[in-house]
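Q: Please read through the structure below; I'll follow up with questions.
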Amino acid sequence: MMNRRTLFGASAATASFVGALFGSKKASTATTTSSKFSSADVEPRGSKGRLERLPRQHLEAQHDFITGFRVFANRDMTSAARRRIAKIMRAKGIDPTKRLSYKEVLGHVGGDPLVAASARMWLSAQQINWKTLYDEFHGNANAYLAEMEATDNAGPGTLELNPDMYIPEYLTHEIHIQPGGYVGDEFAGHIYHYGTNNFFEGRNDQDELHIGLATAMPEPEDGKVVRVLDQGCSCGQLSVALKERFPDAEVWGIDVGGPMVRYAHMRAVDIGIDVNFAQRLAEDSKFPDNHFDIATNNIMFHEVTTEAAHEILAESFRVLRPGGVYYPIDFYTGNPAPKGVFSTFRQWWDSRWNGEPWRLDYAKFDMAAAMRKAGFIVNENGPPSRRGARRNILGTKPT
Amino acid sequence: MADSNSKRKSYTADFIKSDTDEAVFLGNPLMDDMMTSIIALGAEVWANRRRTRIIELLMEKEGAVTREMIEAYVPTEDEEAEMRDERDAFIQLTYGHIARTGEDQTALDGSAKTNPGKASANETDDDMTGDAGMGMGG
């Protein structure tokens, strides 16, 4: 299958192209339009496998630092804060594994300098992460917008944008404090992809995590997989991996963010994978009844309200065919959910300050019960979705 | 927030701005801002160290270096691994003490200790399971 790099003959653009394109903003437009390559394919530093390298050495180095800093924040600082919280709670005669309300937790540990520093450092790195990417893509907006425009109508796969679509307010905040969130910035997909990539500490450069999720995806009992739906697909990494897992199936990725699916489509075209992306809501997907054999999503439910979660489950039940499977991948909820003071503290600041306003509601949401209510036969000990997971909830639409 | 070129079709929608810039963890907004500044400076120092290393590698390999060569340079796997180790050592040098000694130097009521003891490394991490490695916030 021909991919866009081959098509344009620009597998790794020349050094002079790099210098001219990003030497100054002024040079950017002129060089882009006069390049012998397609003016659209902005890949000045080539690719590392399927990951296009960040377009400037300095930006790549900044993100290398952020990657390393996240490792430090997630391991060293988190471990120190966890030990500190345990020590504080034991000194107060309270079991640190006890489930307390977040208000109680803040009352006990919120003022501790080390605990506070652990959250502050994580959030500061997050802010720096987004700002560097925002500045890059907006500073060279013409080139990146032209790149997306050139693939909006290209294949393989299709792109459906619905700029006048109703967007529920609950989805319009800046998720993960990403500038503009998923709906408010033309480069939401670009920023999300690179900003989350360093979150995975270099272990998802080639979509390894998403390929793992797709590999673990359970099939319907009859083995028939003709259509697959990825809800809340963001920049399309799982959708692409699902197509690779089920090459004969028609795969759809839907997301509320127009810029998200636009980037997802551009990237899929670039890689040469035939996926259909559409700007649609998971709770109002517009697909026919009994249409899909598999429906899934990855870390979507903790981004939606409880009300929307019920609507999404009802819609998922509607679009799955009898015997079809539903496999929502997210944090555990209900009884298997993490307990303890440290987890509650982390959920609190993540929710309050990292743009996860529905996370605390999600922590209380009984996913298995809600799936049963929607009509699914539920297996709470379904196959694990990823390495290190013990189980995953699996729903089946009764035949 | 959207493209300033009005001739282009926009696919954005209105959004609710985060108030995270107002978050105060360290008792004073200036302290929080300074922490962000210190981490941002770390990123800049590291970016320049990495660039210096690339210049050195290019000088060794090519005998000369231009800006374009620096921008285009892709380290080998061995070079990448070497720089990764150097980066992690740099981060430990600049920030590691906060994790290592913070427990020792503050009392459980948050006040400064005058005679810090040795950090305990024996506490277990068993109060949290399942969250690590997923999502964007832990």
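Note that the protein sequences, when read in sequence, are chains B and S. The letter at position 179 of the first sequence is residue 357 when you use the working numbering, and the numbering goes up by one with no holes. The letter at position 89 of the second sequence is residue 115 when you use the working numbering, and the numbering goes up by one with no holes. Note that the Cβ used here is the ideal one computed from N, Cα and C, for glycine as well. Bear in mind that the values here come from a model prediction, so they are computed numbers and not experimental data.
(1) Of the choices B:554, B:287, B:304, whose alpha-carbon is the least far from that of residue 52 of chain S?
(2) Check whether the segment 347–364 of chain B and the segment 237–255 of chain B are in contact - that is, three or more C-beta pairs closer than 8 Å.
(3) For residue 569 of chain B and residue 557 of chain B, I'd like the C-alpha separation in whole angstroms.
(4) Between residue 477 of chain B and residue 458 of chain B, which are expected to be in contact by the criterion C-beta below 8 Å, what is the C-beta distance as a whole number of angstroms?
(5) Suppose the cutoff is 8 Å on Cβ atoms and the five residues either side in sequence are ignored; what does the same chain contact list for residue 292 of chain B look like?
(6) Is residue 235 of chain B helix, strand or coil by DSSP?
(7) Just verifying my parser: in three-state terms, what is the DSSP assignment at residue 165 of chain S?
(8) Could you confirm whether any beta carbon from chain S is found closer than 8 Å to the beta carbon of residue 368 of chain B?
(9) Report the residue from B:541, B:381, B:440, B:232 whose alpha carbon sits nearest the alpha carbon of residue 279 of chain B.
(10) For residue 305 of chain B, which residues in the same chain have their Cβ closer than 8 Å to its Cβ, ignoring the five residues on either side in sequence?
(11) Cβ closer than 8 Å: which chain S residues qualify as neighbours of residue 303 of chain B?
(12) Ignore the nearest five residues each way along the sequence and tell me which others in residue 383 of chain B's own chain have a CB closer than 7 Å to its CB.
(13) Helix or strand or just coil, what does DSSP make of residue 88 of chain S?
(14) Helix, strand or coil: how does DSSP classify residue 55 of chain S here?
(15) Run the CB neighbour count on residue 462 of chain B, radius 10 Å, all protein chains shown included, and call it buried at 16 or more, exposed below.
(16) If we define contact as Cβ-Cβ less than 8 Å, is residue 81 of chain S a contact residue for chain B?
(17) Does DSSP put residue 526 of chain B in a helix, in a strand, or in coil?
(18) Using the beta-carbon of each residue, which ones in chain B are nearer than 8 Å to residue 52 of chain S?
(19) For residue 430 of chain B, which beta-bridge partners are listed by DSSP?
(20) Which residues in chain S sit within 9 Å of residue 352 of chain B, going by Cβ to Cβ distance?
(21) Would you say residue 125 of chain S reaches chain B, if we count a Cβ-Cβ gap shorter than 8 Å as a contact?
(22) Quick one: what does DSSP say residue 336 of chain B is sitting in, helix, strand or coil?
(23) Would you report the Cα separation of residue 94 of chain S and residue 88 of chain S, rounded to the nearest angstrom?
(24) Taking buried to mean at least 16 other C-beta atoms within 10 Å of its own C-beta, is residue 344 of chain B buried or exposed?
(25) Of all Cβ atoms in chain S, is any one closer than 8 Å to the Cβ of residue 458 of chain B?
(26) Determine, using beta carbons only, whether residue 400 of chain B comes closer than 8 Å to chain S.
(27) Buried or exposed: which applies to residue 326 of chain B, given that a residue is buried once 16 or more other Cβ atoms fall within 10 Å of its Cβ?
(28) Return the chain-ordered list of same chain residues with a C-beta closer than 6 Å to the C-beta of residue 339 of chain B, the five sequence neighbours on each side being excluded.
(29) At a CB-CB cut-off below 8 Å, which residues of chain S make contact with residue 240 of chain B?
(30) In terms of DSSP beta bridges, what is residue 588 of chain B paired with?
(31) I need the straight-line Cα distance from residue 497 of chain B to residue 407 of chain B, nearest angstrom please.
(32) Per DSSP, what kind of secondary structure is residue 504 of chain B in: helix, strand or coil?
(33) Count the other CB atoms, across all protein chains shown, that sit within 10 Å of the CB of residue 92 of chain S; report buried if there are 16 or more and exposed otherwise.
(34) On a CA-only basis, which of B:525, B:331, B:320 is nearest residue 365 of chain B? Give me that one, please.
(35) Under 7 Å Cβ to Cβ from residue 237 of chain B, same chain only, skipping five residues before and after it: list those, please.
(36) Opposite residue 498 of chain B in the DSSP bridges: which residues?
A: By the coordinates alone:
(1) Along the second sequence, read from residue 1 onward, the residue named residue 52 of chain S stands at position 26. It is B:287.
(2) At 8 Å Cβ cutoff, the stretches do not touch.
(3) By one-based count along the first sequence, residue 569 of chain B stands at place 391. By one-based count along the first sequence, residue 557 of chain B stands at place 379. Rounded to whole angstroms, residue 569 of chain B and residue 557 of chain B show a C-alpha spacing of 10 Å.
(4) Within the first sequence, the letter at position 299 stands for residue 477 of chain B. Within the first sequence, the letter at position 280 stands for residue 458 of chain B. Incorrect: roughly 18 Å between the Cβ atoms, too far for contact.
(5) Translated into the one-based positions of the first sequence, residue 292 of chain B becomes position 114. The beta carbon of residue 292 of chain B sits closer than 8 Å to the beta carbons of 258, 259, 262 from its chain, once the five residues preceding and following it are set aside; these are given in chain order.
(6) Your numbering for residue 235 of chain B matches position 57 in the first sequence. Note: residue 235 of chain B maps to helix in three-state DSSP.
(7) Given that chain S is displayed from residue 27 to residue 164, the structure contains no residue 165 of chain S and the question cannot be resolved.
(8) What you label residue 368 of chain B is simply residue 190 of the first sequence in a count that begins at 1. No, its Cβ sits nowhere closer than 8 Å to a Cβ of chain S.
(9) Here the question's residue 279 of chain B lines up with position 101 in the first sequence. Per the Cα distances, B:541.
(10) In the first sequence, residue 305 of chain B corresponds to position 127, counting from 1. Closer than 8 Å at Cβ, skipping near neighbours: 355.
(11) Counting from one through the first sequence, the residue named residue 303 of chain B turns up at place 125. Simply 65.
(12) By one-based count along the first sequence, residue 383 of chain B stands at place 205. Within its own chain, the residues whose Cβ lies closer than 7 Å to the Cβ of residue 383 of chain B, once the five positions on either side in sequence are excluded, are 226, 227, 229, 375, listed in chain order.
(13) Residue 88 of chain S sits at position 62 when you count from the first residue of the second sequence. In the three-state reduction of the DSSP assignment, residue 88 of chain S falls in the helix class.
(14) Indexing the second sequence from 1 puts residue 55 of chain S at position 29. Here residue 55 of chain S sits in helix by DSSP.
(15) On the first sequence, position 284 is the one that residue 462 of chain B refers to. Result: exposed.
(16) The count along the second sequence starts at 1 and reaches residue 81 of chain S at position 55. Closer than 8 Å: no.
(17) Start at 1 with the first residue of the first sequence, and residue 526 of chain B comes out as number 348. Per DSSP, reduced to three states, the secondary structure at residue 526 of chain B is helical.
(18) For the purposes of this step, residue 52 of chain S is identified with residue 26 of the second sequence, where counting begins at 1. The answer, in chain order, is 291, 294, 295, 298.
(19) In the first sequence, residue 430 of chain B corresponds to position 252, counting from 1. Beta-bridge pairing by DSSP links residue 430 of chain B to B:407, B:454.
(20) On the first sequence, position 174 is the one that residue 352 of chain B refers to. Residues of chain S passing the Cβ test: 41, 42, 43, 44, 46.
(21) As a first step, residue 125 of chain S is located in the second sequence; it is residue number 99 there, counting from the start. Yes, residue 125 of chain S lies at the interface with chain B (some Cβ there is under 8 Å from its Cβ).
(22) Here residue 336 of chain B is taken as the residue at index 158 of the first sequence, counted from 1. Here DSSP, grouped into helix, strand and coil, assigns residue 336 of chain B to strand.
(23) Looking up residue 94 of chain S in the second sequence gives position 68. Looking up residue 88 of chain S in the second sequence gives position 62. Taking the straight line from one Cα to the other gives about 13 Å.
(24) Your numbering for residue 344 of chain B matches position 166 in the first sequence. Counting of Cβ neighbours within 10 angstroms places residue 344 of chain B among the exposed residues, the total staying below 16.
(25) In the first sequence, the residue the question calls residue 458 of chain B occupies position 280. Closer than 8 Å: no.
(26) Here residue 400 of chain B is taken as the residue at index 222 of the first sequence, counted from 1. It does not: the Cβ of residue 400 of chain B has no partner Cβ on chain S nearer than 8 Å.
(27) Against the first sequence, residue 326 of chain B aligns to sequence position 148. A buried status is given to residue 326 of chain B, since no fewer than 16 other beta-carbon atoms sit within 10 Å of its beta-carbon.
(28) The count along the first sequence starts at 1 and reaches residue 339 of chain B at position 161. Cβ-Cβ distances below 6 Å link residue 339 of chain B to 436, 457 in the same chain, with the five nearest sequence neighbours on each side left out; the list follows chain order.
(29) Position 62 of the first sequence holds residue 240 of chain B. Using a Cβ-Cβ cut-off of 8 Å, residue 240 of chain B is close to 69, 70, 72, 73 of chain S, given in chain order.
(30) The structure shown has nothing for residue 588 of chain B, since chain B only spans 179 to 577.
(31) Here residue 497 of chain B refers to the residue found at position 319 of the first sequence. Here residue 407 of chain B refers to the residue found at position 229 of the first sequence. In a straight line, the C-alpha of residue 497 of chain B is about 9 Å away from that of residue 407 of chain B.
(32) Along the first sequence, one-based indexing puts residue 504 of chain B at 326. Strand.
(33) Here residue 92 of chain S refers to the residue found at position 66 when the second sequence is read from its first residue. With fewer than 16 other Cβ atoms inside 10 Å of its own Cβ, residue 92 of chain S counts as exposed.
(34) Working through the first sequence from its first residue, we reach residue 365 of chain B at position 187. Comparing alpha-carbon positions, the option among B:525, B:331, B:320 lying closest to residue 365 of chain B turns out to be B:320.
(35) Stepping through the first sequence from its first residue, residue 237 of chain B is reached at position 59. In the same chain as residue 237 of chain B, and ignoring 5 residues on each side of it, the C-beta atoms closer than 7 Å to its own belong to 310, 314, in chain order.
(36) Within the first sequence, numbered from 1, the residue matching residue 498 of chain B stands at position 320. Its beta-bridge partners are B:470.
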